[in-house]
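Student: If you scroll down you'll find the structure; I have some questions about it.
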């Protein structure tokens, strides 16, 4: 019975953290990393708001410490957009 309560509590914490990640641009980037199987990078990468906004792509963020698993290329440029109160990653790539 105790294991069941611990499992339910852990599941609730994970769900709440996932829901909170929609309300900040850094949270959206971290959620993207976790969903693309980089959970450690999601917590160790440094994110910097570059202060630029593009009408098509959104807000520009520079992220250090994240790379693609398949190509091993560093993906340091993230664009995030806001739709209502929710943030999401609109584009990811490497800087020229």
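Residue numbers (my numbering): 1 to 96. Even glycine gets a Cβ: it sits at the ideal position worked out from N, Cα and C. Keep in mind the model is a prediction, meaning the values are calculated, not measured.
#1: Does DSSP put residue 44 in a helix, a strand or coil?
#2: For residue 73, list the residues DSSP reports as bridge partners.
#3: Does the segment 35–43 come into contact with the segment 51–61, if we say contact requires no fewer than three beta-carbon pairs (one atom in each stretch) closer than 8 Å?
#4: Starting from residue 93 and walking both ways along the beta strand (DSSP E), at which residues does that stretch end?
#5: Buried or exposed, going by whether 16 or more other CB atoms sit within 10 Å of the CB of residue 25?
#6: By the three-class DSSP mapping on this structure, what secondary structure does residue 60 have?
#7: Is residue 33 helix, strand or coil by DSSP?
Tutor: In this structure, then:
#1: helix
#2: The partner list for residue 73 (beta bridge, DSSP) is empty, contrary to what the question assumes.
#3: no
#4: 86–93
#5: buried
#6: strand
#7: helix
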